[in-house]
Amino acid sequence: MIPLLESAEYVTGHTIRLRFADGTEGEVDMKDELWGEVFEPLKDPEVFLQFQLDRELNTLTWPSGADLAPEFLYEKAAAQQADAADRP
């Protein structure tokens, strides 16, 4: 089961700081993940920063109808957290 996404905060460009209920958190750069028709408009940083945390869906959504799977977000945040822990 994917933990609850507690918060999402815009950082810069296409990077969002995510925090999950189990303590997993990380700054996730989505720039290279925005491909395909539904995500094309999000390449514009002004459009990208219009995301909202949809608590019912437990994920990020945009006014255009785009959203990202919570499992994907969790995986990205966990990987970033692990990378940060490995750095001296």
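Residue numbering for the sequence shown follows my numbering, starting at -2 and increasing by one per position.
Here a beta-carbon is modelled for each residue, glycine too, at the ideal position from N, C-alpha and C.
Straight-line Cα distance separating Pro60 from Asp29: Here the question's residue 29 lines up with position 32 in the sequence shown. Here the question's residue 60 lines up with position 63 in the sequence shown. Rounded to whole angstroms, the gap between the alpha carbons of Asp29 and Pro60 is 20 Å.
Secondary structure of Val25, DSSP reduced to three states: Indexing the sequence shown from 1 puts residue 25 at position 28. Reduced to three states, the DSSP call for Val25 is strand.
Per-residue burial, Val8 [other beta carbons within 10 Å of its own, 16 or more giving buried]: Here the question's residue 8 lines up with position 11 in the sequence shown. Exposed, by the Cβ-count rule.
Pick from Gly33, Lys40, Pro67, Met(-2) that is closest to Arg52, judged by C-alpha positions: Translated into the one-based positions of the sequence shown, residue 52 becomes position 55. Nearest C-alpha to Arg52 among Gly33, Lys40, Pro67, Met(-2): Pro67.
Unbroken alpha helix (DSSP H) run spanning Val8, endpoints: Locating residue 8 in the sequence shown gives position 11, where the first residue counts as 1. Secondary structure note for Val8: it is in no alpha helix (DSSP H), and the uninterrupted beta strand (DSSP E) holding it is 2 to 9.
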